[in-house]
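Q: Before I ask anything, here is the structure I am working with.
Number of protein chains: 2
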Amino acid sequence: MNTASHKTIKNILLESKEYFKIAISVDCVILGFENGELKVLLIKSDLEEFKDEWSLLGDLVRPDEDLNTASYRILKSRTGLEDVFLEQVYTFGDLNRHPAGRVITTAYYSLININDHQLKLAHNQIHWHPVNELKSMAFDHKLILDTCMKQLRERVMEHPIVFNLLPEKFSLRELQSIYEAILGIKLDRRNFRKKFFLMDWLVDVDELEEDVPHRPGKLYRFNKEKFQN
Amino acid sequence: MNTASHKTIKNILLESKEYFKIAISVDCVILGFENGELKVLLIKSDLEEFKDEWSLLGDLVRPDEDLNTASYRILKSRTGLEDVFLEQVYTFGDLNRHPAGRVITTAYYSLININDHQLKLAHNQIHWHPVNELKSMAFDHKLILDTCMKQLRERVMEHPIVFNLLPEKFSLRELQSIYEAILGIKLDRRNFRKKFFLMDWLVDVDELEEDVPHRPGKLYRFNKEKFQN
DNA sequence: CCAAAAGTGTTCAGGTTACACCCATGA
DNA sequence: TCATGGGTGTAACCTGAACACTTTTGG
């Protein structure tokens, strides 16, 4: 016999009291591009268990902020940047992923122009670390980083997001070297140019590179008008 | 001056006490294929606020189980099925998504063969609902469903997952109609066959359909040997 | 004048699309 | 015999990959 009584909000709260023993955090894989390689913003772990290990930037989610707000908060507090590209990737919920207790974390990755961000290296233990040189990290952060990199590689093939790593104006060489760094492959210069002009993602700003020890290339900007629908 | 003292586990627990006020749940988009259309397993909401609205199958995550375990538990308790395809999609953390309080939910989607699952319709309010006929749902579940469907459409283009919706042996017509239902487009029969045989995803089991009111088609099974590396 | 990178087209191979007729079965 | 879907091949098109020489600038 089905005598299903509808639960009230109060009932739900009472019944689920036991479950409010899990903390939730967000971790940000903040990526930049410098000297031809991808770098990720890391901090020395402040846990004894992971002393001297690198950790992603993250924090517990506050009860009065949603997940995206939390990741933006972390990003802004660490880089000073607003209006940046940020995308959720995956949620990691293994039982023992955090030595302090049950902490489920949602991973985001962000692409920023490394030069917009004035890092105060002297004041903290945050630094830009080449992604490819990381062997191990605190917690399950290596897994989180790898997962974000995998998603990034998929996304850049379909969506115009790498421009977030570049200044307003950039050369085709810079653009290409970012793709090469992300995908880990060499690309053909002629095919690369052809493809981008066909896709109509670029706008010629009619300026040239300066202070380069070779023939200066033309500068372009991202054709954002094409994508703001 | 940086006098960074490493935090102990105990410190972390004490400092974060305030944060254990968020509950975490998982919601499962359980999909099946029947009569030429995709269906999702739903239940009438047991909340007053959403009386008569359809809800995904979900539950709070227990402190002693990880996220994947929680979604498998829900799937098994509702369908009786084990060893099924289940994939995490996205985590929804808006402040007011649940009227009972702060509940962050991680969405999973699952693909099952609808005939393997003996539904006890009389005993509960669970039923299979055509995905395309759903206009609104309880909570933010319509958004969750749409997000899962979007990911499903991307995944089926690259990965051999639709076989989870089919019985062991199936005809090419059944396989094609699943792709058409998921992608929402008509496909060319000749090109579809050509492509699948080229990809080597199918094994001819040397049997024919039975009880069809037309020329019976050959039956195939998924070439799982090819993918179990 | 040398080094370094910019700029520029064509060819080939492989994959995707479009398309129509005969066949086997059950009613 | 009719209705229904099964089974089959070819040509046009498009996309991606491979590939080399001349030009411009700074040193």
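One line per chain: the protein sequences are G and Y, in this order.
Residues 783 to 1011 (the working numbering) are what the first sequence spells out, left to right.
Residues 783 to 1011 (the working numbering) are what the second sequence spells out, left to right.
For each residue, glycine too, the CB sits at the ideal point set by N, CA and C.
These numbers were taken from a predicted model, which means no experiment stands behind them.
#1: For Y/Arg935, would you say it is in contact with chain G, using Cβ-to-Cβ distances shorter than 9 Å as the test?
#2: Could you tell me how far apart the beta carbons of G/Ile894 and G/Leu863 are, in whole angstroms, since I believe they sit closer than 8 Å?
#3: Taking C-beta pairs closer than 9 Å, name the residues in chain G that Y/Lys858 reaches, listed in chain order.
#4: For G/Glu962, I'd like the list of residues in its chain whose CB is within less than 8 Å of its CB, leaving aside the five on either flank, ordered along the chain.
#5: Tell me, please, whether the stretch 874-881 of chain G touches the stretch 905-914 of chain G by the rule of three or more beta-carbon pairs shorter than 8 Å.
#6: Tell me, which residues are paired with G/Val822 by DSSP?
#7: Output, in chain order, the set of chain Y residues within a Cβ distance shorter than 7 Å of G/Asp876.
#8: Using a Cβ-Cβ distance cut-off of 9 Å, determine whether G/Tyr872 contacts chain Y.
#9: For Y/Glu936, which of helix, strand or coil comes out of DSSP?
#10: What are the start and end residues of the beta strand (DSSP E) that includes Y/Gly879?
#11: For G/Ala963, which three-state DSSP category applies?
#12: For G/Thr888, which residues in chain Y fall below 9 Å Cβ to Cβ?
#13: Tell me, please, which residues DSSP counts as bridged to Y/Lys1000.
#14: Can the beta-carbon of G/Ile943 be found closer than 9 Å to that of G/Ala889?
#15: Inspect the CB distances between the stretch 979-987 of chain G and the stretch 1000-1008 of chain G and report whether three or more fall short of 8 Å.
#16: Measuring alpha carbon to alpha carbon, tell me which residue in Y/Arg975, Y/Arg937, Y/Leu990 and Y/Arg971 is nearest Y/Leu965.
#17: In the DSSP assignment, what residue or residues form a beta bridge with G/Phe952?
#18: Counting only the same chain and skipping the five closest in sequence on each side, list residues whose C-beta sits under 8 Å from that of Y/His923.
#19: Throw me the rounded Cβ distance for the G/Arg860 and G/Ala852 pair, which I believe falls under 8 Å.
#20: Check whether the Cβ of Y/Cys810 lies closer than 8 Å to any heavy atom of the ligand FAD, and answer yes or no.
#21: Within the continuous beta strand (DSSP E) that includes Y/Ala889, where are the two ends?
#22: Roughly how many angstroms lie between the CA atoms of Y/Lys1008 and Y/His941, to the nearest whole one?
#23: At the level of alpha carbons, what is the spacing between Y/Leu868 and Y/Glu847?
#24: Taking Cβ positions only, does G/Leu795 come closer than 9 Å to chain Y?
#25: Report the partner residues of Y/Trp836 according to the DSSP bridge assignment.
#26: Determine which residues share a DSSP beta bridge with G/Ala805 and list them.
#27: Quick one: Cα of G/Gly818 to Cα of G/Ala920, how far?
#28: Identify whether Y/Asn969 lies in helix, strand or coil by the three-state DSSP scheme.
#29: Measuring only the C-alpha atoms, how far is G/Glu956 from Y/Val871?
#30: For a cutoff of 9 Å on Cβ pairs, would you count Y/Arg1003 as touching chain G?
A: Once the coordinates are examined:
#1: So no, Y/Arg935 is outside the interface.
#2: Cβ-Cβ separation between G/Ile894 and G/Leu863: approximately 6 Å, consistent with a contact (criterion under 8 Å).
#3: What Y/Lys858 touches in chain G: nothing, since even the nearest Cβ is about 18 Å away.
#4: Lys968 and Leu969, listed in sequence order.
#5: Verdict: no, contact absent.
#6: For G/Val822, the pairing in a beta bridge is given by DSSP as G/Leu813 and G/His911.
#7: Simply Asp848.
#8: So, interface residue.
#9: Helix, per DSSP.
#10: According to the sequence displayed, residue 879 of chain Y carries Arg and not Gly. Here Y/Arg879 belongs to no beta strand (DSSP E), and DSSP marks it neither H nor E.
#11: Here G/Ala963 sits in helix by DSSP.
#12: Within chain Y, the residues near G/Thr888 are Thr873, Gly875, Ile886 and Thr888.
#13: Y/Leu990.
#14: It is not a contact, given that the beta carbons lie outside the stated cut-off.
#15: Counting C-beta pairs with one atom in each stretch, the stretch 979-987 of chain G and the stretch 1000-1008 of chain G have three or more that are closer than 8 Å, which means they touch.
#16: Shortest Cα-Cα distance from Y/Leu965 to any of Y/Arg975, Y/Arg937, Y/Leu990 and Y/Arg971 involves Y/Arg937.
#17: BP columns for G/Phe952 point to G/Tyr1002.
#18: By the criterion of a C-beta distance shorter than 8 Å, Y/His923 is surrounded in its chain by Asp809, Trp836, Ser837 and Leu838, once the five residues flanking it on both sides are discounted.
#19: Incorrect: roughly 13 Å between the Cβ atoms, too far for contact.
#20: For the ligand FAD, the structure offers nothing, since it holds no ligand at all.
#21: Here the beta strand (DSSP E) through Y/Ala889 covers Val885 to Leu893.
#22: Y/Lys1008 and Y/His941 have their C-alpha atoms spaced approximately 12 Å apart.
#23: Spanning the two alpha carbons is a distance of roughly 16 Å.
#24: For G/Leu795, the predicted model reports a pLDDT of 49, less than 50, meaning its position is unreliable; a value from the coordinates is still stated below. At least one C-beta of chain Y is nearer than 9 Å to the C-beta of G/Leu795.
#25: Note: Y/Trp836 sits in a beta bridge opposite Y/Lys826.
#26: According to DSSP, which records beta bridges pairwise, G/Ala805 is partnered with G/Val885.
#27: C-alpha of G/Gly818 to C-alpha of G/Ala920: approximately 26 Å in a straight line.
#28: Note on identity: in this sequence residue 969 of chain Y is Leu, with Asn being the wrong assignment. Correct three-state label for Y/Leu969: coil.
#29: Distance from the CA of G/Glu956 to the CA of Y/Val871, rounded to the nearest whole angstrom, comes to 33 Å.
#30: It does not: the Cβ of Y/Arg1003 has no partner Cβ on chain G nearer than 9 Å.
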